[in-house]
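There are 2 protein chains.
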Amino acid sequence: MAKNLEFVLLLDCYGELLTERQKEIAELYYNEDFSLSEIAQIQHITRQAVSDSLRHSEQIMQQTEEKLGMAGRIRQMRNCLEQILESCQNENIPRITELAENGLQWL
Amino acid sequence: MAKNLEFVLLLDCYGELLTERQKEIAELYYNEDFSLSEIAQIQHITRQAVSDSLRHSEQIMQQTEEKLGMAGRIRQMRNCLEQILESCQNENIPRITELAENGLQWL
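Note that the protein sequences, when read in sequence, are chains A and B.
Just so you know, we're using the numbering used here here: the first sequence kicks off at 3 and counts up by one.
Just so you know, we're using the numbering used here here: the second sequence kicks off at 3 and counts up by one.
So this is what it looks like as structure tokens:
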């Protein structure tokens, strides 16, 4: 199972829709970069159970994204603010730089 | 039942979690500004049924927002981009104005 950066964003958006256990496993895998085997040890379950849990969580999050599309909107907004910050580097406009940097913290 | 602008944003974020009928009624009420009685006529149901449907939809959307908080993030981003646009008015930076205006379209 290749780690997919897309799921880091989906987990950020929809992690609260997972069960406590599913969320814990997904966070260890996507945010903390643990391997399947390491998570199996931590959670006292088999490597296969970790893999099944991740696959199920990914399915839930992907289906929710297909319905709500919030991760896509967050991604667009991040691109937008990053482009604004890039443009700010060529100008002397500290107020806008500050606003865009603050905005990125919400994404 | 007072129309609450908050629900316009919640409907935009979470409308797809409602049933087709619930969504239709909520859109007529919040986006098209129809009254309860007008919606009752359009949908061939009682005014009370419209009111019950809206209340139920609002509950679903509020509970989802408590879990996911996406409407709050969208609101923060909108404020951020509006402040950037305001700052742009005092400077001659059309590139950033354009980026912020495009960004607002995603919100």
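Even glycine gets a Cβ: it sits at the ideal position worked out from N, Cα and C.
Proximity of R97/B to chain A, defined by a Cβ-Cβ separation below 8 Å, is satisfied. Taken atom to atom, the span from the alpha-carbon of A28/A to that of L20/A is near 9 Å. For D54/B, the enclosing alpha helix (DSSP H) has its first and last residue at R49 to L70. N6/A carries a coil assignment under DSSP once its states are collapsed to helix, strand and coil.
In this structure, the CA atom of N92/B is about 20 Å from the CA atom of N104/A. In this structure M72/A does not touch L13/A by the C-beta definition: roughly 12 Å separates them, more than the 8 Å allowed. The stretch 49–58 of chain B and the stretch 35–55 of chain A do not touch, with fewer than 3 CB-CB distances between them shorter than 8 Å. By the rule that beta-carbons nearer than 8 Å mark a contact, I62/A does not touch chain B. For the set N6/A, Y16/A, Y32/A and I86/A, the Cα lying nearest the Cα of K69/A is the one of Y16/A. Interface with chain A (8 Å Cβ-Cβ cutoff): Y32/B is excluded.
Annotated three-state conformation of T21/B is coil, per DSSP. For R75/B, a Cβ of chain A is located within less than 8 Å of the residue's own Cβ. Listed in chain order, the positions of the stretch 19–44 of chain A with a beta carbon within less than 9 Å of a beta carbon of chain B are L19. C90/B has its alpha-carbon roughly 45 Å from the corresponding atom of Q24/A. Counted as a single uninterrupted DSSP element, the alpha helix (DSSP H) harbouring S39/B occupies residues L38 to Q45. Annotation: Cβ neighbours of Q85/B in chain A (cutoff 8 Å, chain order): L101. H58/B and F36/B have their C-alpha atoms some 18 Å from each other. In the assembly as shown, T66/B is a buried residue. Its beta-carbon has 16 or more other beta-carbons within 10 Å. Rounded to whole angstroms, I41/A and E26/A show a C-alpha spacing of 10 Å.
The C-beta of E93/B comes closer than 8 Å to at least one C-beta of chain A.
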